[in-house]
Amino acid sequence: MNNDYNRTQLLKTALEHSTITIDELSERLHLTPILLYHNLESEEQGENTVRAVAATLGIPVSYFEGGFYYNERGQLVPNDQK
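Counting in the UniProt record's numbering, the sequence shown runs from 1 upward without gaps.
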């Protein structure tokens, strides 16, 4: 999994466009918010955490690799600039 993107910032952006809060997400994943952010950027836990977050938020895993972005209307769209 490509880790060239700031997963923490991507998560914050995704949460801005979600009805789920960081506290609700953390609770669903049985983590504290700080541990969730830590695991997102972790070499050991990053991939599994990204998958769990993406599934919980209902977004593609590739969002965390730059494959999608939120447009000006708040819609998740494919990133054609790959």
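Beta carbons: idealized from backbone N, C-alpha and C, even for Gly.
Check, Outcome
"Where Leu15 falls: helix, strand or coil (DSSP)", "helix"
"Exposure of Arg7, with buried meaning 16 or more beta-carbon neighbours within 10 Å", "buried"
"Contact under 8 Å by Cβ, Leu76 with Ile20", "no"
"Coil, strand or helix - Tyr70 by DSSP", "strand"
"Coil, strand or helix - Pro33 by DSSP", "helix"
"Through-space distance from Gly67 to Pro78, alpha-carbon basis", "6 Å"
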